[in-house]
Each structure stands twice: as C-alpha cells, then as structure tokens.
Ligand code: AMP
C-alpha cells in the first residue's frame, strides 16, 4: 500500500538553546515523507521555488518517495519559516512565515495518486485540504493536521474538512483552542463530535494520546538524553503513524497502538539533530531496536490482589 501526503516543503531558519541553523530543509511534507518512507511507499504533493537546493530533492529521491506531484516554480521563492525554541522545547515561537510559492498553490494530484488508500493532509490552508479531498477516489483512511493560525482565522473551512476526515492529529494547545475546553478528555470528546472518529493529541516530550469511541491509549515520548531541535517532530510522528498503518493496510485499534508507538519512535530520531538529518540516517534496525525499548519502557506486571 502507499500513503499520500500534501503539505509544505520549506527552507527553515531555526534557533534552539543549542545552536542555530539557516537555510535548513524543512516543511511538513519533508518530515512526513522522510519518516513514512522507512515503512511504505510515499506519494508527495508540494510546491517549491527556483531557489530550492537540488541536493534536498536528491536526498528525498534516495527514499521510496514518488516526487511526480512535486511542482517547481522556477521564478518563485520557496516557502520560508523562521522559528525559535526557548527552554521549553515543546513549543516553537514563529518569528517569520513567508508563503511565497505557497500563496498561489493549488494541489494537483497526478492521475496515479488518486486511488491512494492512506491520505495525510498536512498543515496547510483548509481550503487546499478540501481541494485534495475532491481529487482522491475512495481512501481507506484520511488524516488531518492543522495549526493555531487556521483554527483562528479559517474556522468555518476547517470545520468543513473536519467533517470529512477519519483521524485528526494535533497538539495539545491546538486541541484546547479548537474545542474551547481546557481539560484534554473533554476537548477530545468535543473534537470527535466535529467529525473525526479518531483523535490523536501530541504532547511533545510527554508523548501522545489516542481517543476513539470506546477507548483511550497513551504512549510516552522516547526518553532521550539530548533533544537538540524539536522542529518537525509532529510531522515525523504523523509519518510514523500513517506509514505504519499503510504498511499493514489495517486500521484496527491494536494496529493503531503500534502505529502511535512508531510515530513516537521516529520522532525521537528527528529531534536529535537539526532538520531531517538524523531521521535520514536512521536504519530499519535502529527503528526496530527503539520500538523494542518502548515495550520494555511501558510494560509492567499486573497488580496482585489488594483485598
Ligand atoms: P512541526 O515542528 O512538526 O510542527 O513542523 C515544523 C515544520 O512546519 C517546519 O519545517 C516549517 O517549515 C513548517 N511550517 C511552519 N509553519 C507552517 C505553515 N503555516 N504552513 C505550512 N508549513 C509550516
């Protein structure tokens, strides 16, 4: 099976307490596809400008990523994002966003992308997310990401998309903003009533929560000694989740639980270095090893009878 992603490819400028990098490869579709391609075939739709370094395209070509949906506008500039992290590595402060070629972008799916079973609508304008849904045939599962910006300024369009997706993956702050509820369990109930049957709330270094109609599941973040740059952790997480679901072709609860752990495992590589540098070097056996460590981390014996 394969997974389709529509999102940003970007040039980022990132500052963390440990260093600064200009002209880094970034973007939601970049992180997502680097992660998911460790597990399944990826079909990517994004737009870049003439300034986008060819070496970045080449690095994605080394993976199982179909780039026929990547549009290059030779006389345009690539989407640019500048962000900074303080001591709280869970939340980026956006310093600058330049839409550039994204401003006039309308996703066009190559014909052979239309029957993809697993679809990920990364964080872009909700109207563009709707345009993608108009072009896909009958996906098995559609997942969505969004951000504060769209919740604040494009709420009606976002509510339209939400009615049409199966899975929403957002962070804790976004869940509170979208639902108007501070308590995360109440927020989850309110958001699920907006459309998505399944909700995953990402909590940075505190892991991720899964909610469906009957159950809740929690996965912690992988305990790392050095978190260097959290940029892209969320998109990498989504790539791990969707990549794993697509690899297995299943969407039952047990598979979802493994998929969420896979999201946390792949996210742990991304945050170790700037950009997608570490994730690009992660091998399948390293992924397998961290997944196994996760089981040890979260397994404990049943309680003996207290009475
Ligand atoms: P994450 O840390 O997973 O939430 O995502 C970080 C990536 O999102 C960065 O590489 C940015 O280039 C990208 N990004 C930031 N703001 C936007 C936006 N408004 N639209 C699309 N992509 C964005």
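In our numbering, the protein residues as written are 135 to 441.
Backbone N, C-alpha and C fix where the C-beta goes; we use that ideal spot for every residue, glycine too.
None of the values given here were measured: they were computed from a predicted structure.
At least one heavy atom of the ligand AMP falls within 7 Å of the beta-carbon of residue 369. Note: residue 215 is bridge-paired with 146, 231 in the DSSP secondary-structure output. Relative to the Cα of residue 251, the nearest Cα in the group 258, 202, 162, 174 belongs to 174. Annotation for residue 409: 158, 159 place their beta carbon closer than 6 Å to its own, counting only its chain and skipping 5 residues before and after. The nearest non-hydrogen atom of the ligand AMP is 7 Å or more from the C-beta of residue 168. In the assembly as shown, residue 435 is an exposed residue. Its beta-carbon has fewer than 16 other beta-carbons within 10 Å. Shortest Cα-Cα distance from residue 334 to any of 192, 344, 297 involves 344.
Distance between residue 188 and residue 194, taken at the CA atoms: about 10 Å. Using a Cβ distance threshold of 8 Å, residue 234 and residue 183 count as a contacting pair. Under the DSSP assignment, residue 305 falls in the beta strand (DSSP E) whose first and last residues are 301-305. Boundaries of the beta strand (DSSP E) around residue 176: 175-183. Segment contact: the region 190-207 against the region 160-179, three or more CB-CB distances shorter than 8 Å; contact assigned. Residue 243 counts as buried, since no fewer than 16 other beta carbons sit within 10 angstroms of its beta carbon.
Counting along the chain, residue 419 sits inside the alpha helix (DSSP H) bounded by residues 418-432.
Residue 154 sits in a strand when the DSSP states are folded into three classes. The beta carbon of residue 432 is closer than 8 Å to those of 353, 354 in its chain, skipping five residues each way along the sequence.
Per DSSP, residue 318 is one residue of the alpha helix (DSSP H) stretching across 318-326. Per DSSP, the continuous alpha helix (DSSP H) segment holding residue 265 begins and ends at 260-269. Residue pairing by DSSP places residue 138 opposite 177, 253 in a beta bridge.
Within 7 Å of the C-beta of residue 283 there is at least one heavy atom belonging to the ligand AMP. DSSP lists 182 as the beta-bridge partner residues of residue 206. CA-CA distance, residue 254 to residue 393, rounds to 14 Å. For the ligand AMP, no non-hydrogen atom lies closer than 7 Å to the CB of residue 309. DSSP, read as helix, strand or coil, puts residue 272 in coil. Annotation: the continuous alpha helix (DSSP H) that includes residue 189 extends over 188-195.
A direct Cα-to-Cα measurement between residue 377 and residue 192 gives close to 21 Å.
By the neighbour-count criterion, in which a residue is buried when 16 or more other Cβ atoms sit within 10 angstroms of its Cβ, residue 287 is exposed. Residue 226 carries a coil assignment under DSSP once its states are collapsed to helix, strand and coil.
Inter-residue distance for residue 208 and residue 145 is about 16 Å (C-alpha atoms, whole angstroms).
Residue 169 is not a Cβ neighbour of residue 141, given a cutoff of 8 Å.
Put simply, the region 146-156 does not touch the region 261-273. Fewer than three CB pairs are less than 8 Å apart.
Contact annotation, residue 364 with residue 405: C-beta distance approximately 5 Å; criterion of less than 8 Å satisfied.
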